[in-house]
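Okay, structure first, notes after.
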Amino acid sequence: MSIIITGATGQLGSRVIGQLLKQEVPAEHIVALVRHPEKAAHLAELGLELRYGDYNDRFSLQSAFAGADKLLFIPSPDAHDETLRLLQHTHVAIAARDAGVPHIVYYGYAFAEESKLPLAATHLLTEGILRSTGIPYTFLRNPLYADVFLDPQSLQAAAQYGTLKANTGEGAIHSPSRYDLARAGAAVLTGEGHENKTYELVLGRTWTFRELADAIASVAGKPVGYEPITSEENQALLVQAGLPKEVAGMLSGINDFIASGGSSRTGKDLEHLIGEPTPLQELVREGLAMKTS
Ligand code: NAP
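For the sequence shown, position 247 (counting from the first letter as 1) is numbered 247 according to the numbering used here, and the numbering increases by one without interruption.
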């Protein structure tokens, strides 16, 4: 058995690897696709094989995918250029086809057909390209990671000042943590009967920023209130906190998306794969306990 993981040095890929090892998949059955082996020395020490591969070079990918029983394809992070991302994803698909990979597991985007986020179109097109190879697939459709909203510094500031400010309105959020999404990936890679299935990895019950403020208050043991603000006010706050203007604009845009109801649809696929997702209060506890400077 050989499972190849792309994006192995990244935050999602490394969590999937951690879960596979926890489930006692032998390290020598896991291959990490990396661009810079020196960034993956910790994986080699655990006994994983490292293979070089770059999404921009399909022949490097084809060599790396040789002999794989399963390929976990984590999408490229080049989100500033969706066209380049599609080209990179096409390289992965052609390389997998030409290397004879028998099963490809791809992390796409939740409810991609109906999402207004531009990145959803890239994920939908990638699914189409992967289907065109004829390789049996499993599409794991992630929503925005809960981690995007649970930045430890913001949680700690909210606990310190007693206010959580954001332009998320009363929008419902169906996002689980990156950790739970990794658990779902590991469940599919080690399970049976997932070929040609599409899973929407959203929570069965949404949460809001008002509930997030309550969770911070409960963990910190002091009052914390939620104060909805405008997109412009949010951007100004983030710039004041030291974020570059474009990043502040991007994050405020995500919050607008939440406020407009874009992340409210729930589902049961995640629970079927991993059981109970990590409760919001637990994620807040981890964020508040994390060292940030
Ligand atoms: P991450 O920590 O940035 O990891 C990205 C991984 O992709 C790294 O291992 C990186 O390797 C690898 N990579 C980058 N360019 C590559 C290339 N040209 N060829 C081969 N590998 C390359 O991202 P993450 O948090 O694990 O998230 C995984 C993916 O989910 C992202 O790539 C992005 O598409 C998407 N995403 C989703 C959300 C969400 O909220 N749903 C948020 C952020 C990102 P190096 O170590 O060599 O750089």
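Backbone N, C-alpha and C fix where the C-beta goes; we use that ideal spot for every residue, glycine too.
Range covered by the alpha helix (DSSP H) that runs through lysine 382:
The question about residue 382 has no answer, for the chain in this structure spans 1 to 293.
When you compare only the Cα positions, how much space is there between tyrosine 161 and leucine 84?
42 Å
Out of Gly108, Leu71, Leu125, which one is the CA nearest neighbour of alanine 99?
Leu71
N-terminal and C-terminal residue of the beta strand (DSSP E) that threonine 266 is part of
Counting along the chain, threonine 266 falls outside any beta strand (DSSP E), and DSSP gives it neither H nor E.
Look at aspartate 147 and histidine 91 and say whether their C-beta atoms are less than 9 Å apart.
no
Are there any heavy atoms of the ligand NAP lying less than 8 Å away from the beta-carbon of glutamine 299, as far as the coordinates show?
Examination of residue 299 is not possible in this model, given that the chain is present from 1 through 293 alone.
Taking only heavy atoms of the ligand NAP into account, decide whether any of them is closer than 8 Å to the Cβ of valine 31.
no
Quick check on the DSSP output: what are the complete alpha helix (DSSP H) runs of length 4 or more inside the segment 15-46, in order along the chain?
41-46
Residues bridged to arginine 51 (per DSSP):
Leu33
Regarding arginine 178 and the ligand NAP, is the C-beta to nearest heavy atom distance less than 8 Å?
yes
Spell out the partners DSSP gives aspartate 57 in its beta bridges.
Asp54
Three or more C-beta pairs closer than 8 Å, one from the segment 147-159 and one from the segment 269-287: is that the case here?
yes
Cutoff 7 Å; reference serine 76; Cβ partners in own chain excluding five residues on either side:
Tyr55, Arg85, Gln88, His89
Through-space distance from glycine 67 to alanine 95, alpha-carbon basis
12 Å
State the start and end residues of the unbroken alpha helix (DSSP H) segment that holds alanine 213.
209-220
Give the secondary structure of threonine 122 by DSSP, where H, G and I count as helix, E and B as strand, and everything else as coil.
helix
Cβ neighbour criterion (16 or more within 10 Å) applied to alanine 182:
buried
State yes or no: is the C-beta of glutamate 7 nearer than 8 Å to some heavy atom of the ligand NAP?
Rather than glutamate, the amino acid found at residue 7 in this sequence is glycine. Flag set: Cβ of glycine 7 near the ligand NAP.
Which residue from Ser177, Ile229, Ala172, Leu155 puts its Cα closest to that of leucine 288?
Leu155
Could you check if aspartate 54 belongs to the surroundings of the ligand NAP, using beta carbon to heavy atom distance under 8 Å?
yes
For alanine 187, the first and last residue of its enclosing alpha helix (DSSP H)
178-190
Inter-stretch contact at 8 Å, needing at least 3 Cβ pairs: the segment 184-198 / the segment 124-141
yes
CB contact flag (valine 224, leucine 238, <9 Å)
no
Inter-residue Cα distance where the pair is glycine 171 and glutamate 192
36 Å
Just mark lysine 222 as buried or exposed, buried being the case when its beta carbon has 16 or more other beta carbons within 10 Å.
exposed
Given that a residue counts as buried once 16 or more other Cβ atoms are within 10 Å of its Cβ, and exposed if not, what is glutamine 19?
buried
Report all residues from its chain with a CB closer than 7 Å to the CB of valine 202; omit the five preceding and five following residues, and keep chain order.
Ala110, Pro143, His174, Arg265, Thr266, Gly267, Leu270
The beta strand (DSSP E) with asparagine 142 in it runs from where to where?
137-142
Nearest CA to the CA of alanine 166: which residue from Val101, Glu233, Ala159?
Glu233
Compare the Cα-Cα distances from isoleucine 129 to each of Glu113, Arg97, Trp207, Phe59 and report the closest residue.
Arg97
Which residue from Gly13, Gly7, Gly47 puts its Cα closest to that of arginine 35?
Gly7
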